[in-house]
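Undergrad:
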Amino acid sequence: MLVLAIYVAIFVLAYVIYHLIVGRSASKLGFNARKTVTFGDESAVTANRSASVISVVAIFLIWGAFTGSSVSPVHVPGPFVGDTSFSYTATNPQNQTDEATVYVRVGFIGEEFGKPEIPDNKQSAFAKDDAMKVGAWRSGLIRAQNNDDGGKKKGYRITAIDGQPIAPKQSVEVSDGIVNMTAKGSLSFVPDKGWQMEPIWLPAPETIVSRLIEISRDGYQNVALSENIGWSLFRVVVGFLLGSIVGVPLGYAMGLNDWFRGWFDPIVEFMRPIPPLALIPLVIIWFGIWEQGKISLLFLAALWIMTISARAGVSGVNISKVHAAYSLGASKLQILLHVIIPNSLPEIFTGARVAMGVCWGTVVAAELVAAEKGAGKMIIAASKFQQTDIVIMGIILIGVIGFGIDILMRMAEKILVPWKGKG
Amino acid sequence: MTEANQSSLHLDDQSSLHIDDISMTFSLPNGSAVEALKSVSLRLAAGELLSVLGPSGCGKTTLLNILAGFLAPTGGQVVLNGHQVTGPDPERGMVFQRGALFEWMSVRKNIGFGPAMKGVPEKQIRQRVDELLEIVGLHDFGDKAIYELSGGMQQRVALARCLANDPDVILMDEPLGALDALTREKMQGLVLKLWKETGKTIILITHSVEEALLLGERLLVMAPRPGRIHREYHLPFAELGVDADLREVKKHQDYGNKREEILSMIWEMEEEIMGRKE
Chain F
497 MLVLAIYVAI FVLAYVIYHL IVGRSASKLG FNARKTVTFG DESAVTANRS ASVISVVAIF
557 LIWGAFTGSS VSPVHVPGPF VGDTSFSYTA TNPQNQTDEA TVYVRVGFIG EEFGKPEIPD
617 NKQSAFAKDD AMKVGAWRSG LIRAQNNDDG GKKKGYRITA IDGQPIAPKQ SVEVSDGIVN
677 MTAKGSLSFV PDKGWQMEPI WLPAPETIVS RLIEISRDGY QNVALSENIG WSLFRVVVGF
737 LLGSIVGVPL GYAMGLNDWF RGWFDPIVEF MRPIPPLALI PLVIIWFGIW EQGKISLLFL
797 AALWIMTISA RAGVSGVNIS KVHAAYSLGA SKLQILLHVI IPNSLPEIFT GARVAMGVCW
857 GTVVAAELVA AEKGAGKMII AASKFQQTDI VIMGIILIGV IGFGIDILMR MAEKILVPWK
917 GKG
Chain V
76 MTEANQSSLH LDDQSSLHID DISMTFSLPN GSAVEALKSV SLRLAAGELL SVLGPSGCGK
136 TTLLNILAGF LAPTGGQVVL NGHQVTGPDP ERGMVFQRGA LFEWMSVRKN IGFGPAMKGV
196 PEKQIRQRVD ELLEIVGLHD FGDKAIYELS GGMQQRVALA RCLANDPDVI LMDEPLGALD
256 ALTREKMQGL VLKLWKETGK TIILITHSVE EALLLGERLL VMAPRPGRIH REYHLPFAEL
316 GVDADLREVK KHQDYGNKRE EILSMIWEME EEIMGRKE
């Protein structure tokens with residue numbers, strides 16, 4: 497909620513400041529600048545690239561600020577780290593009271609640090625000082641009375657922390673954290689957590705970059721990064737190609753022949769709305785968890801999309817074109833090759849883009865379920881060891897690759913079907 | 076084929092188009108039937124220019140589709156050059172209103188499509204296409220993509236593509252209907268020029284009375300329900316328009332009279348349809 501509020505605040509602030517500095521009309525150049533009606537005219541709305549830049553910067557700023565990262569100049573308060581202490585008041589069965597101090601050292605998990613030294617001054621009374629160490633964002637349990645004289649006797653209890661009375665199941669705020677008393681009368685110290693995220697929840701951006709460099713150099717669990725991603729891409733490409741090889745001719749047949757259309761219509765219409773992920777259990781039962789299973793799944797994911805797009809491509813042929821071709825003396829085969837297939841290419845490309853996207857999503861999910869190598873396998877393995885940085889790195893990589901695939905498909909479309917949308 | 080049909084095959088010279096008592100009845104799903112055409116008969120000699128006019132629903136497009144061979148009539152027959160029309164054939168070329176060009180091919184490939192399908196050698200096609208590009212006034216546009224051309228230029232390509240196949244009859248389904256007035260007038264001139272130079276038989280369907288008058292040695296006015304030939308005119312304007320400016324032709328006294336006559340005829344039919352609906 498706090499993060500969301502900050503994000504909204506940045507959004508509003510950036511808008512206000514941008515328009516104070518740049519002015520209202522500066523973002524609209526050329527003809528659009530002369531338009532008096534812009535609200536409701538979609539063509540007059542172009543993405544404000546300054547906003548895009550600020551948006552990306554804002555995400556990294558917030559990410560950095562909440563992880564104590566060096567990419568952000570400002571940070572929200574971090575967890576308390578260092579030495580602190582609190583005193584406790586113990587009461588023995590004879591109703592005598594005495595005070596002692598608990599010295600606490602708080603450090604980051606994964607870094608070496610020991611318990612603090614106890615300054616040996618006032619150890620004459622029955623309550624004795626204690627020392628403990630706690631990890632940041634964690635809590636530490638201490639039985640402060642254990643080393644006290646008579647501390648284990650019935651009736652010996654701690655009655656106050658830093659002079660504030662405490663009883664079992666109550667808490668007291670001290671200078672750098674909170675002291676809780678358990679139901680059995682032990683103390684537990686929770687150092688201040690601050691607002692920053694623990695790396696195990698959200699690592700800093702630079703951790704992810706350095707992890708990416710490390711993994712692309714050394715691999716993860718003895719599998720090179722390129723091998724993990726290569727396997728995923730290989731599965732996608734093979735599954736997509738198989739799906740297209742079967743789906744496109746099937747779609748053509750459905751578009752050109754009533755028997756084919758009647759026969760396959762119920763099958764295609766039934767299979768199309770089933771999410772490929774729902775097929776994973778069945779595919780595992782039928783084909784096992786290895787390559788055959790995954791490629792069958794991707795084949796099914798691509799098949800229906802390609803079938804439908806090829807069928808739509810055939811039905812999208814303007815009948816005038818077919819009539820014209822017949823009048824010019826073309827045979828059925830020539831019409832298929834020179835009119836129907838080229839005319840359906842734009843539809844097929846649109847389908848291919850969708851199919852590649854679906855396949856990429858499906859392969860990652862399938863690898864989460866079972867795989868030896870692959871992008872999905874890498875992140876699920878990392879999540880089992882709570883290596884959040886690898887998980888996030890993997891997710892970003894998967895996103896970037898999915899985006900890259902779409903851009904490649906769009907480039908291929910521009911080169912191969914330049915007439916798309918211009919008929 | 077009946078004996079009567081057989082005999083009609085030998086009535087006239089071979090290079091002519093006989094439309095022989097054509098009827099076309101569509102059955103509707105609700106059981107009723109629509110008579111799109113009823114007993115339409117017509118003879119065209121080679122090289123005639125015929126324009127067909129009529130209110131919507133008079134069956135003129137159905138007639139053209141039957142002539143092209145895309146539809147089989149429910150009665151009668153069409154005979155061209157001594158043989159019955161049973162399907163589309165390159166002897167009957169077709170020019171559509173729009174959208175019938177192949178966007179995935181260059182202008183040159185579009186024009187050469189017919190010969191290429193027949194397996195004519197590349198070199199010959201190229202030569203023929205160059206000639207045609209010259210004739211339709213597109214000599215610099217051969218290697219352009221279709222979507223780079225204006226609507227008028229696209230129709231020039233459609234004409235050239237049709238001519239490349241050297242058909243006996245050219246069927247035009249409102250070929251200029253989607254063009255603006257200025258381009259349309261230029262194209263009308265081109266159609267007349269092509270008609271005169273190539274000597275093809277041309278049947279042109281149009282919505283525009285002016286166009287029908289200008290581009291018809293013979294003009295058929297069709298009437299709806301059932302679709303039939305209402306009136307036929309023999310006109311001098313096409314012949315005049317070959318050499319003269321079309322705007323000069325339009326100033327002709329007789330042109331104005333004919334236009335008014337035909338317009339009121341079509342208006343009457345339209346009103347009759349409206350009346351019948353109410």
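First to last, the protein sequences are chains F and V.
Residue numbers for the first sequence follow my numbering, so the first one is 497 and each next one is one higher.
Residue numbers for the second sequence follow my numbering, so the first one is 76 and each next one is one higher.
Heads up, the beta-carbon is just placed ideally off N, CA and C, and yes, glycines get one too.
Given the structure is predicted, the values throughout are model-derived calculations rather than measurements.
For chain B, find out if any of its Cβ atoms is closer than 8 Å to the Cβ of alanine 820 of chain F; answer yes or no.
TA: Considering every chain present, this structure includes no chain B. Its protein chains are F and V.
Undergrad: By DSSP, does valine 211 of chain V sit in helix, in strand, or in coil?
TA: Correct three-state label for valine 211 of chain V: coil.
Undergrad: Among F:Ile517, F:Asn839 and F:Leu794, which has the Cα closest to the Cα of arginine 807 of chain F?
TA: With distances taken between Cα atoms, arginine 807 of chain F lies closest to F:Asn839.
Undergrad: Do you know offhand how far threonine 161 of chain V's Cα is from isoleucine 245 of chain V's?
TA: Rounded to the nearest angstrom, the two C-alpha atoms are 17 Å apart.
Undergrad: Return the residues of the segment 835-850 of chain F that lie within a Cβ-Cβ distance of less than 8 Å from chain V, sorted by chain order.
TA: From the segment 835-850 of chain F, only Val835, Pro838, Asn839 and Leu841 have a Cβ closer than 8 Å to chain V.
Undergrad: If you compare alpha carbons, which of F:Gly735, F:Gln788, F:Phe795 and F:Ala848 is closest to serine 805 of chain F?
TA: Measuring from the Cα of serine 805 of chain F, the nearest candidate turns out to be F:Ala848.
Undergrad: Return helix, strand or coil for methionine 677 of chain F, following the three-state DSSP convention.
TA: DSSP places methionine 677 of chain F in strand when its eight states are reduced to three.
Undergrad: Is any beta-carbon of chain V found at less than 8 Å from that of leucine 794 of chain F?
TA: No, leucine 794 of chain F does not count as interfacial toward chain V.
Undergrad: What are the residues of the segment 905-916 of chain F that lie near chain V, defined by any Cβ-Cβ distance shorter than 8 Å?
TA: Listed by position along the chain: Val913, Pro914 and Trp915.
Undergrad: Roughly how many angstroms lie between the CA atoms of glycine 690 of chain F and asparagine 588 of chain F, to the nearest whole one?
TA: So the two alpha carbons sit approximately 36 Å from each other.
Undergrad: Using a threshold of 8 Å, state whether the C-beta atoms of glycine 890 of chain F and isoleucine 903 of chain F are closer than that.
TA: Not in contact: glycine 890 of chain F and isoleucine 903 of chain F (Cβ atoms no closer than 8 Å).
Undergrad: With distances taken Cα to Cα, identify the nearest neighbour of alanine 191 of chain V among V:Ala111, V:Asn240 and V:His158.
TA: Checking every option, the nearest Cα to that of alanine 191 of chain V belongs to V:Asn240.
Undergrad: Rounding to the nearest angstrom, what Cα-Cα distance links isoleucine 892 of chain F and tryptophan 633 of chain F in this structure?
TA: Going from the Cα of isoleucine 892 of chain F to the Cα of tryptophan 633 of chain F covers about 26 Å.
Undergrad: Give the secondary structure of glycine 157 of chain V by DSSP, where H, G and I count as helix, E and B as strand, and everything else as coil.
TA: Three-state DSSP puts glycine 157 of chain V in coil, outside helix and strand.
Undergrad: When you compare only the Cα positions, how much space is there between asparagine 814 of chain F and valine 533 of chain F?
TA: Cα-Cα distance, rounded: 37 Å.
Undergrad: Is any beta-carbon of chain F found at less than 8 Å from that of glycine 168 of chain V?
TA: Glycine 168 of chain V counts as touching chain F.
Undergrad: Mind checking which residues open and close the beta strand (DSSP E) that includes tyrosine 222 of chain V?
TA: From DSSP, tyrosine 222 of chain V is part of no beta strand (DSSP E); its letter is neither H nor E.
Undergrad: Can you list, in chain order, the residues of its chain with a C-beta nearer than 6 Å to that of histidine 431 of chain V? Leave out the 5 residues immediately preceding and following it.
TA: An answer regarding residue 431 of chain V cannot be provided, because it is not within the stretch 76 to 353 covered by chain V.
Undergrad: Using alpha carbons as the reference points, say which of V:Ile341, V:Glu336, V:Arg322 and V:Arg303 lies closest to leucine 138 of chain V.
TA: Looking at the Cα atoms, V:Arg303 is the closest of the given residues.
Undergrad: When the Cα atoms are used, what is the spatial distance from leucine 251 of chain V to leucine 288 of chain V?
TA: About 14 Å.
Undergrad: Ordered along the chain, which non-local residues of its own chain (more than five positions away) have a Cβ less than 6 Å from that of serine 728 of chain F?
TA: Within the same chain, serine 728 of chain F has close Cβ partners Val859, Gly870 and Ala871.
Undergrad: Can you grab the Cα-Cα spacing for the pair proline 612 of chain F / isoleucine 638 of chain F, in whole Å?
TA: Distance between the alpha carbons of proline 612 of chain F and isoleucine 638 of chain F is about 14 Å.
Undergrad: Could you work out which residue in F:Gly603, F:Thr563, F:Ile605 and F:Phe622 is closest to aspartate 644 of chain F when comparing CA atoms only?
TA: The candidate whose alpha carbon is nearest that of aspartate 644 of chain F is F:Phe622.
Undergrad: If you reduce the DSSP assignment to three classes, tell me which class valine 705 of chain F lands in.
TA: Here valine 705 of chain F sits in helix by DSSP.
Undergrad: Just confirm the distance between the C-beta atoms of arginine 259 of chain V and asparagine 185 of chain V, as a whole number of angstroms; I'd bet it's less than 8 Å.
TA: Not really, about 21 Å apart at Cβ, beyond 8 Å.
Undergrad: Aspartate 164 of chain V: buried (16+ other C-beta within 10 angstroms of its C-beta) or exposed?
TA: The residue in question, aspartate 164 of chain V, is buried, as its Cβ has 16 or more Cβ neighbours within 10 Å.
Undergrad: Check whether the Cβ atoms of valine 600 of chain F and serine 583 of chain F sit closer than 8 Å, and answer yes or no.
TA: No, Cβ-Cβ distance for valine 600 of chain F and serine 583 of chain F is not below 8 Å.
Undergrad: Using C-beta distances below 7 Å, list every residue in its chain close to lysine 665 of chain F, excluding the 5 sequence neighbours before and after it, in chain order.
TA: Within the same chain, lysine 665 of chain F has close Cβ partners Met677 and Ala679.
Undergrad: Verify whether the separation of the beta carbon atoms of glycine 291 of chain V and serine 126 of chain V is less than 8 Å.
TA: Yes, they are a contact pair.
Undergrad: Which same chain residues end up closer than 8 Å to isoleucine 654 of chain F when comparing Cβ atoms and leaving out the 5 residues on each side of it in sequence?
TA: These residues qualify, in order along the chain: Tyr584, Thr585, Ala586, Thr587, Ala640, Gln641, Ile662, Met677, Gly681 and Leu683.
Undergrad: CA-CA distance, valine 284 of chain V and aspartate 255 of chain V?
TA: Using only the alpha carbons, I get a separation of about 16 Å.
Undergrad: Would you kindly work out how many angstroms separate the C-alpha atoms of alanine 554 of chain F and serine 568 of chain F, rounded to a whole number?
TA: About 10 Å.
Undergrad: At 8 Å on the CB atoms, spell out the chain F contacts of proline 165 of chain V, in chain order.
TA: Within 8 Å Cβ-Cβ: Ser823, Leu824 and Gly825.
Undergrad: What number of angstroms, rounded off, separates the C-alpha of glycine 350 of chain V from the C-alpha of arginine 334 of chain V?
TA: When rounded, the distance between both Cα atoms is 24 Å.
Undergrad: Quick one: any contact between the segment 117-131 of chain V and the segment 168-183 of chain V, if contact means 3 or more CB pairs under 8 Å?
TA: Output reads no: the segment 168-183 of chain V does not touch the segment 117-131 of chain V.
Undergrad: Taking glycine 574 of chain F and glycine 564 of chain F to be in contact with their CB atoms under 8 Å, please state how far apart those CB atoms are, rounded to whole angstroms.
TA: Yes, they are in contact, since the Cβ atoms of glycine 574 of chain F and glycine 564 of chain F sit about 5 Å apart, within 8 Å.
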